[in-house]
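Enquirer:
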Amino acid sequence: MLTNYVPILVFIIVGIGVGLGLFTLGSLISPKKPDAAKLAPYECGFDAFEDARIPFDVRFYLVAILFIIFDLETAFLFPWAVVLHKIGWFGFFVMMAFLSLLIVGFIYEWKKGALEWE
Amino acid sequence: MIEQIIFYVFATILVVAGAMVVTAKSPIRSALFLVLAFFATAALWILLESEFLALILVLVYVGAVMTLFLFVVMMLNLDRIALREGFVRYLPFGLIVIALIVAFMLMVIGPRQFGLAHYANPANHPANYSNIRELGLVLYTQYAYPFILAGALLLVAIIAAISLTFRGPRDSKTQKPNKQILVKRADRIRIVKMPSEKKQ
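From first to last, the protein sequence lines are chains A and B. For the first sequence, our numbering assigns the number 1 to the initial residue and increments by one for each residue that follows. For the second sequence, our numbering assigns the number 119 to the initial residue and increments by one for each residue that follows.
Written out as structure tokens, the structure reads:
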């Protein structure tokens, strides 16, 4: 089975090689004449006013966590779809029970308005 | 032989990335090293021929959980100097926790219980071996009850996330197209009969 993954390994090696190679080439060939003004952090020619990272709305977090939950749900759907013809009606209804639990959650978040964005 | 070389390369990457997660100065860098650690773990899982778990690790953890971690890092507005301050104070406690975890790990997967002497080297699967199929055959039949419990756990997670972070709908003025379409003439205008007034 592992031989199926040899192309991916080659791909990873080539990717890392190209990435590192271009970086080393860039740092070796490019001219470097640093001075204090050049190395100072600035934004649009001014000195930096504040930290680049500003805390933002918690609603991004809510959307991300809801996304993860339904991402996991779809992850469970893949093996189920592959073996559906073998596990029969029992497996089918097990997945329906699983999905109905999550649909309850989906209706809850929909009705609660957690998906509304302005 | 080649498999062993690949294993040691990815295991080294994993250990180095794990160490960098803890020691990196910027929390963003820690999160990115965690991504690297997840990728190395996925490679190790593929070496164990559990390809589905490896791909799910990349999809769910790298794709979604790391996004969440970055959001958390962005939201917390971490002060780097304040983060360094407690280092010496919490060091003894941290060392105790590390010692406990290492001791437990040695007890459970130490050379006395684990290793090739206790578990035979599993035979290599043929090229058409499908990890997803094997997983699906037991997950929805033999482990149906834990699977549905996982669904219930996800439901709890949805409700918990909403109740913890949701602050109620914003009172923004939005158009409701269905109401706009369904409106009748009688809802909007009222024709009033009244006698015309004489010009004075």
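Using N, Cα and C, we set each Cβ at its ideal position, and we do this for glycine too.
On the DSSP bridge assignment, give the partners of residue 43 of chain A in chain order.
Expert: A:46
Enquirer: Which two residues bound the contiguous alpha helix (DSSP H) that contains residue 249 of chain B?
Expert: 249-257
Enquirer: For a test of the three-state rule: what should DSSP assign to residue 96 of chain A, helix, strand or coil?
Expert: helix
Enquirer: Return yes when the Cβ of residue 249 of chain B is within less than 8 Å of the Cβ of residue 105 of chain B, no when it is not.
Expert: Here chain B has residues from 119 to 318 only, and residue 105 of chain B is not among them.
Enquirer: Taking only three categories from DSSP, how would you classify residue 177 of chain B?
Expert: helix
Enquirer: Among B:153, B:141, B:276 and B:296, which residue has its Cα nearest to the Cα of residue 132 of chain B?
Expert: When each option's Cα is compared against that of residue 132 of chain B, the closest is B:153.
Enquirer: Between which two residues does the alpha helix (DSSP H) containing residue 305 of chain B stretch?
Expert: 303-306
Enquirer: Where does residue 298 of chain B sit, in a helix, a strand or coil, going by DSSP?
Expert: helix
Enquirer: For residue 79 of chain A and residue 254 of chain B, which I take to be in contact (beta-carbon distance under 8 Å), what is that distance rounded to the nearest angstrom?
Expert: That pair is a contact at about 3 Å.
Enquirer: Compare the C-beta of residue 2 of chain A with all C-beta atoms of chain D and state if any pair is closer than 8 Å.
Expert: Note that chain D does not occur in the displayed structure, where the protein chains are A and B.
Enquirer: Since residue 163 of chain B is in the alpha helix (DSSP H), which residue starts that stretch and which ends it?
Expert: 145-165
Enquirer: What first and last residue would you give for the alpha helix (DSSP H) that runs through residue 26 of chain A?
Expert: 6-29
Enquirer: Can you find a C-beta in chain B that's less than 8 Å from the C-beta of residue 80 of chain A?
Expert: Chain B, which has a Cβ nearer than 8 Å to the Cβ of residue 80 of chain A, makes this yes.
Enquirer: Consult DSSP for residue 79 of chain A and reduce its assignment to one of helix, strand or coil.
Expert: Helix, per DSSP.
Enquirer: Between which two residues does the alpha helix (DSSP H) harbouring residue 34 of chain A extend?
Expert: Looking at the DSSP string, residue 34 of chain A is not in any alpha helix (DSSP H), and its letter there is neither H nor E.
Enquirer: Is residue 237 of chain B helix, strand or coil when you go by DSSP?
Expert: Here residue 237 of chain B carries a coil assignment [DSSP, helix/strand/coil].
Enquirer: With contact counted as at least three CB pairs below 8 Å, one residue from each stretch, are the region 88-104 of chain A and the region 137-151 of chain B in contact?
Expert: By the Cβ test, the region 88-104 of chain A is not in contact with the region 137-151 of chain B, since fewer than three Cβ pairs between them sit closer than 8 Å.
Enquirer: Using three-state DSSP, classify residue 136 of chain B as helix, strand or coil.
Expert: helix
Enquirer: Thinking C-beta only, is residue 94 of chain A closer than 8 Å to residue 262 of chain B?
Expert: yes
Enquirer: Anyone know if the C-beta pair for residue 273 of chain B and residue 113 of chain A falls short of 8 Å?
Expert: no
Enquirer: What residue from B:208, B:124 and B:130 has the CA that sits closest to residue 10 of chain A's CA?
Expert: B:124
Enquirer: On the CB-based measure, 16 or more other CB atoms within 10 Å of its CB, does residue 346 of chain B come out buried or exposed?
Expert: The requested residue 346 of chain B does not occur in the structure, where chain B is confined to residues 119 to 318.
Enquirer: According to a CB-to-CB cut-off of less than 7 Å, which residues of the region 252-270 of chain B neighbour chain A?
Expert: 253, 254, 255, 257, 258, 259, 262, 265, 266, 269 and 270
Enquirer: Mind reading off the beta-carbon distance from residue 180 of chain B to residue 157 of chain B? Whole number of angstroms is fine, and I expect it under 8 Å.
Expert: 7 Å
Enquirer: With burial defined as no fewer than 16 other Cβ atoms inside 10 Å of the residue's Cβ, what is the status of residue 159 of chain B: buried or exposed?
Expert: buried
Enquirer: Check whether the Cβ atoms of residue 307 of chain B and residue 75 of chain A lie closer than 8 Å to each other.
Expert: no
Enquirer: Does residue 271 of chain B pass the burial test, meaning 16 or more other C-beta atoms within 10 Å, or should it be called exposed?
Expert: Looking at its Cβ environment, which holds fewer than 16 other Cβ atoms inside 10 Å, residue 271 of chain B is exposed.
Enquirer: Using a cut-off of 7 Å between C-beta atoms, extract the partners of residue 95 of chain A located in chain B.
Expert: 258
Enquirer: Looking at chain B, is there any beta carbon in it that lies within less than 8 Å of the beta carbon of residue 23 of chain A?
Expert: no
Enquirer: Verify whether the separation of the beta carbon atoms of residue 109 of chain A and residue 227 of chain B is less than 8 Å.
Expert: no
Enquirer: Counting only Cβ pairs nearer than 7 Å, list the residues of chain B close to residue 65 of chain A.
Expert: 186 and 279
Enquirer: Hey, residue 193 of chain B and residue 67 of chain A: beta-carbon distance below 8 Å or not?
Expert: no
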